[in-house]
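Q: Shown below is the structure under consideration.
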Amino acid sequence: MDARPGPHPAAPPKAVARALERLAITPEEPVTLAELAAVAGLSRFHFLRVFKRATGQTPHAWLMCERVIRARALLAQGLPPAAVAAATGFADQAHLTRVFRRITGVTPGRYGGRTPPFKVRAEPAPIS
12 MDARPGPHPA APPKAVARAL ERLAITPEEP VTLAELAAVA GLSRFHFLRV FKRATGQTPH
72 AWLMCERVIR ARALLAQGLP PAAVAAATGF ADQAHLTRVF RRITGVTPGR YGGRTPPFKV
132 RAEPAPIS
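See the structure below:
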């Protein structure tokens, strides 16, 4: 089980909410820390601290969890892992497999055929 810190009990600041919205709308597209900080209206370093305090994760970790959630849905529909990797923003199937296994504990190939859905170890924080 992955022991990641949970989100801060208070609602995320508006700056973080704007960045989370950007990440959730197009998680398959690459994004830099500088771009997210600009969306939030903060410096990169301040944004990183505020984001982690609000969500319990770095922006990259949050994005990877969001991509895995979307990958799980596509795998459950029967799509092959290579197609899922392309559709969810992973560099290739190997990248999807590494991240998916780290977060869920199983590979995408094994996940696709399972009936009870596996639980993601760390879900992205909800957008408030």
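To convert a position in the sequence shown, counted from 1, into the working numbering, add 11. Quick reminder that beta carbons are idealized off the backbone N, C-alpha and C, glycines included.
Along the chain, where does the alpha helix (DSSP H) containing residue 104 start, and where does it finish?
A: Here the alpha helix (DSSP H) through residue 104 covers 104-115.
Q: So which of 60, 70 and 57 has the shortest CA-CA distance to residue 30?
A: Considering only alpha carbons, the answer is 70.
Q: Give the straight-line distance between the Cα atoms of residue 111 and residue 38, rounded to the nearest whole angstrom.
A: Roughly 15 angstroms separates the two Cα atoms.
Q: Tell me where the alpha helix (DSSP H) around residue 89 begins and ends.
A: Residue 89 -> no alpha helix (DSSP H), and no H or E assigned at all.
Q: Between which two residues does the alpha helix (DSSP H) harbouring residue 119 extend?
A: Looking at the DSSP string, the run of the alpha helix (DSSP H) that includes residue 119 is 119-123.
Q: Does the beta-carbon distance from residue 119 to residue 86 come in below 7 angstroms?
A: Yes; because the gap between Cβ atoms is below 7 angstroms, this pair is in contact.
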